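To start, the structure itself, in structure tokens.
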Amino acid sequence: MKKMLPLAIGAALLAASSGAFAITDEEGNASLQFNFSAPGARSLAMGGAFIGLADDATAAFSNPAGLVQLASKEVSFEQRINDYNTEYVRSGSYTPDPFNINGLSYDEARSSTHSPSFVSFVWPHERWAVAVYRHEFLNYETSFASSGVDSGLAGGVGDIFPFSADISVRITNFGLSSAFKATDKLSLGLSLNNYNLDLDSNTRRFTTFGDSVVRFSTEQQGNDGAFGFSLGAQYRINDQWQTGLVYRHAPEFKYTASIVPGSAVFNRIDKDAYFNTPDLFGVGVVYRPTDAWTLALDVSHVMYSELTDDMQSNFRLDDADPVTRTGLDPLQIDDGVEVRLGMEYTFTEMKVPLSLRAGIWQDPEHNIRFRGEPSLEGDAVANAVLFSTGDDQLHTSVGFGWAFEKVQIDAAFDASDRNETIAISGVVRF
156 MKKMLPLAIG
166 AALLAASSGA
176 FAITDEEGNA
186 SLQFNFSAPG
196 ARSLAMGGAF
206 IGLADDATAA
216 FSNPAGLVQL
226 ASKEVSFEQR
236 INDYNTEYVR
246 SGSYTPDPFN
256 INGLSYDEAR
266 SSTHSPSFVS
276 FVWPHERWAV
286 AVYRHEFLNY
296 ETSFASSGVD
306 SGLAGGVGDI
316 FPFSADISVR
326 ITNFGLSSAF
336 KATDKLSLGL
346 SLNNYNLDLD
356 SNTRRFTTFG
366 DSVVRFSTEQ
376 QGNDGAFGFS
386 LGAQYRINDQ
396 WQTGLVYRHA
406 PEFKYTASIV
416 PGSAVFNRID
426 KDAYFNTPDL
436 FGVGVVYRPT
446 DAWTLALDVS
456 HVMYSELTDD
466 MQSNFRLDDA
476 DPVTRTGLDP
486 LQIDDGVEVR
496 LGMEYTFTEM
506 KVPLSLRAGI
516 WQDPEHNIRF
526 RGEPSLEGDA
536 VANAVLFSTG
546 DDQLHTSVGF
556 GWAFEKVQID
566 AAFDASDRNE
576 TIAISGVVRF
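Each number in the numbering used here corresponds to the 1-based position in the sequence shown with 155 added.
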């Protein structure tokens, strides 16, 4: 069993294989915290509902078609602080036949990241606009340890041995966006993007082989760049109603997955693997009943399943059949639908207008989950136990902003049961 067998048994077979595969079943991958909220504190405070609205400099990423709404040159920036609670299997027991995991104990690993998350420059013209920007698409790290899981079988058959995992993954996006007015009501946009992946993970394992303790680790290392693009459209129905849509194609990155022995007797084993970032298709609707009120609704289909297409074990003793794909672990992420609803009320009579904002949105479960039939053969039980966490998260958000003549300052707070985000952003117009 993959997370139970010592390295010595599988080293020769693994070293003989040269096939590339998708993201691996290393435990740190189970709960990658993708968040497809649009950049900017204003958008975050409105639950990320910005595809239809897209009326400031962050439209360069959210929906480039919206850039033609800007009246003057703008420089924008954002700083975000993200707190994550990642659920994992800490200890406990399970029964293999019939399979039952009610005896497992779960815990949460808390981690935090903070960095400049967005900066852009927009140059609008009468019927067209261009923008350049840098966006932090993903910034996630966590660290946790499991004391092992007992199968309850004689001789320790099926036991999952202790391990500790650390993972850090960051994807940054450098973009060039353009938009033009096809008609007085319809605008179209295009964004060309250069994405960069920085991945570093290490899972240390402790197992037994006869009377000996075998220590080894599995690693994921990568620093790769690739190109993607976004297509956007926006249609102004009348003074009150507006709609937009966007398709975002994110790229696939190459990295190295490795088994690192704890003894000089065995050689390090490296394989090529691929990190396929999910694409997104979204539509948005905006309703402005008065000059003071703005209501926005976004619905997006996130193609999370792309991340686990052709997923294969990093620890299996033999590769899957290249034709039938038998031998692949049944580990998957389902595609998800995000629904975002936001509102903004602006005190337009104030000398320096103040805006209050709130939002709510549903983040669908996007953990890697075991979808097959657990058995003591191969990797099935280990993955069924260790990849058994995840649920939908309901987010609520609030925020405010002041719009001075040349400067706008916004702040926002977004929270769910497991995640919290604080954002401060600003816009300078000239």
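Don't be surprised by glycine CBs; every beta carbon is placed ideally from N, CA and C. Computed from a predicted model, the values in this text were never measured in an experiment.
*Nearest-angstrom beta carbon gap, residue 487 and residue 455 [assumed within contact, 8 Å]*: As a first step, residue 455 must be located in the sequence shown, where it is residue number 300. As a first step, residue 487 must be located in the sequence shown, where it is residue number 332. Contact flag wrong, Cβ pair sits at about 20 Å.
*Roughly how many angstroms separate the alpha carbons of residue 385 and residue 308, rounded to a whole number?*
For the purposes of this step, residue 385 is identified with residue 230 of the sequence shown, where counting begins at 1. For the purposes of this step, residue 308 is identified with residue 153 of the sequence shown, where counting begins at 1. Those two C-alpha atoms are separated by around 53 Å.
*Would DSSP call residue 200 helix, strand or coil?*
Indexing the sequence shown from 1 puts residue 200 at position 45. Correct three-state label for residue 200: helix.
*Any contact of the region 243 to 250 with the region 218 to 227, i.e. 3+ C-beta pairs under 8 Å?*
no
*First and last residue of the beta strand (DSSP E) that includes residue 184?*
For this step, residue 184 is matched to residue 29 along the sequence shown. First-last for residue 184: undefined, no H or E at that position.
_Between which residues of its own chain and residue 290 is the CB-CB distance below 6 Å, once the five residues before and five after are set aside?_
Working through the sequence shown from its first residue, we reach residue 290 at position 135. Here the set comprises 194, 216, 273, 328.
*Contact between the region 227 to 236 and the region 300 to 307: three or more CB pairs below 8 Å?*
no
_Relative to the C-alpha of residue 408, which candidate in 375, 416, 517, 432 has its C-alpha closest?_
Locating residue 408 in the sequence shown gives position 253, counting from the first residue. Selected option, being the one with the closest Cα: 432.
*residue 214, enclosing beta strand (DSSP E) - first and last residue*: For the purposes of this step, residue 214 is taken as the residue at position 59 of the sequence shown. Careful: residue 214 lies outside any beta strand (DSSP E), inside the alpha helix (DSSP H) at 214 to 217.
_Once DSSP output is grouped into helix, strand and coil, what is the label at residue 258?_
As a first step, residue 258 is located in the sequence shown; it is residue number 103 there, counting from the start. Residue 258: coil per DSSP, three-state reduction.
*What distance in whole Å lies between the Cβ atoms of residue 410 and residue 129, which are believed to be in contact at a cut-off of 8 Å?*
What the structure shows of the chain is the stretch from 156 to 585, and residue 129 is not part of that stretch, so it cannot be assessed.
*Looking at the structure shown, is residue 249 part of a helix, part of a strand, or coil, going by DSSP?*
Indexing the sequence shown from 1 puts residue 249 at position 94. Reduced to three states, the DSSP call for residue 249 is coil.
_I want to know whether the region 341 to 348 touches the region 308 to 322 - three or more CB-CB distances under 8 Å._
no
*Which value, in whole angstroms, describes the spacing of the CA atoms of residue 438 and residue 256?*
On the sequence shown, residue 438 is found 283 positions in, with the first residue counted as 1. On the sequence shown, residue 256 is found 101 positions in, with the first residue counted as 1. Computed Cα separation, rounded: 39 Å.
*To the nearest angstrom, report how far apart residue 187 and residue 295 are at their CA atoms.*
For the purposes of this step, residue 187 is taken as residue 32 along the sequence shown, with counting starting at 1. For the purposes of this step, residue 295 is taken as residue 140 along the sequence shown, with counting starting at 1. Spanning the two alpha carbons is a distance of roughly 7 Å.
*Under a three-way DSSP split, which group does residue 281 fall into?*
On the sequence shown, residue 281 is found 126 positions in, with the first residue counted as 1. Coil.
*Where does residue 396 land, buried or exposed, given buried means 16+ other C-beta within 10 angstroms?*
Here the question's residue 396 lines up with position 241 in the sequence shown. Counting Cβ neighbours within 10 Å, residue 396 comes out exposed, since fewer than 16 surround it.
_8 Å contact criterion, which residue 491 and residue 209 should meet: CB distance rounded_ = What you label residue 491 is simply residue 336 of the sequence shown in a count that begins at 1. What you label residue 209 is simply residue 54 of the sequence shown in a count that begins at 1. The pair is not a contact, with the Cβ atoms about 22 Å apart (cut-off 8 Å).
*Hey, out of 536, 185, 199, 372, whose CA is closest to residue 425's CA?*
Locating residue 425 in the sequence shown gives position 270, where the first residue counts as 1. Ranking 536, 185, 199, 372 by Cα distance to residue 425 puts 372 first.
*Could you give the distance in angstroms between the alpha-carbon of residue 343 and the alpha-carbon of residue 536?*
Within the sequence shown, residue 343 is the residue found at index 188, counting from 1. Within the sequence shown, residue 536 is the residue found at index 381, counting from 1. Taking the straight line joining both Cα atoms gives about 50 Å.
*Taking all protein chains shown into account, decide if residue 382 is buried (16 or more other Cβ within 10 angstroms of its Cβ) or exposed.*
Taking the first residue of the sequence shown as 1, we reach residue 382 at position 227. Residue 382 comes out exposed.
_In the DSSP assignment, the alpha helix (DSSP H) including residue 538 goes from what residue to what residue?_
Your numbering for residue 538 matches position 383 in the sequence shown. Residue 538 -> alpha helix (DSSP H) spans 535 to 541.
*Could you check the C-alpha separation between residue 184 and residue 526 for me, to the nearest Å?*
The sequence position of residue 184 within the sequence shown is 29, counting from 1. The sequence position of residue 526 within the sequence shown is 371, counting from 1. Cα-Cα distance, rounded: 16 Å.
*What do you get for residue 392, buried or exposed, if any count of 16 or more other CB atoms within 10 angstroms of its CB means buried?*
The sequence position of residue 392 within the sequence shown is 237, counting from 1. The residue is exposed, with fewer than 16 neighbouring Cβ atoms inside 10 Å.
_Assigned exposure category for residue 129 - 16 Cβ within 10 Å defines buried_ = The chain is shown only over 156 to 585; residue 129 falls outside these bounds and no answer can be derived.
*For residue 360, which residues of its own chain have a beta-carbon under 6 Å away from its beta-carbon, when the five flanking residues on both sides are left out?*
Position 205 of the sequence shown, counted from the first residue, corresponds to residue 360. So the qualifying residues of the chain are 318, 371.
*asked:* Going by beta-carbon coordinates alone, are residue 428 and residue 412 separated by less than 7 Å?
replied: Within the sequence shown, the letter at position 273 stands for residue 428. Within the sequence shown, the letter at position 257 stands for residue 412. Cβ distance < 7 Å, so residue 428 and residue 412 count as in contact.
*Where does residue 562 land, buried or exposed, given buried means 16+ other C-beta within 10 angstroms?*
Position 407 of the sequence shown, counting from 1, holds the residue named residue 562. It counts as exposed.
*What are the uninterrupted segments assigned as alpha helix (DSSP H) that are 4 or more residues long and contained completely in the region 410 to 468, given in chain order?*
none
_Buried versus exposed call for residue 281 [16 or more other C-beta atoms within 10 Å across all chains shown]_ = The residue labelled residue 281 in the question sits at position 126 within the sequence shown. Exposed: under 16 other Cβ atoms inside 10 Å.
_I need the straight-line Cα distance from residue 542 to residue 293, nearest angstrom please._
Indexing the sequence shown from 1 puts residue 542 at position 387. Indexing the sequence shown from 1 puts residue 293 at position 138. About 22 Å.
*asked:* If you follow the beta strand (DSSP E) that residue 321 is in, where does it begin and where does it stop?
replied: Counting from one through the sequence shown, the residue named residue 321 turns up at place 166. It spans 318 to 336 - the beta strand (DSSP E) in which residue 321 sits, taken as one unbroken run.
*Assigned secondary structure, residue 311 (DSSP; H/G/I helix, E/B strand, else coil)*: Against the sequence shown, residue 311 aligns to sequence position 156. DSSP places residue 311 in helix when its eight states are reduced to three.
_Local Cβ density within 10 Å of residue 516, reported as buried at 16 or more and exposed below that_ = Within the sequence shown, numbered from 1, the residue matching residue 516 stands at position 361. It is buried - the Cβ of residue 516 has at least 16 other Cβ atoms within 10 Å.
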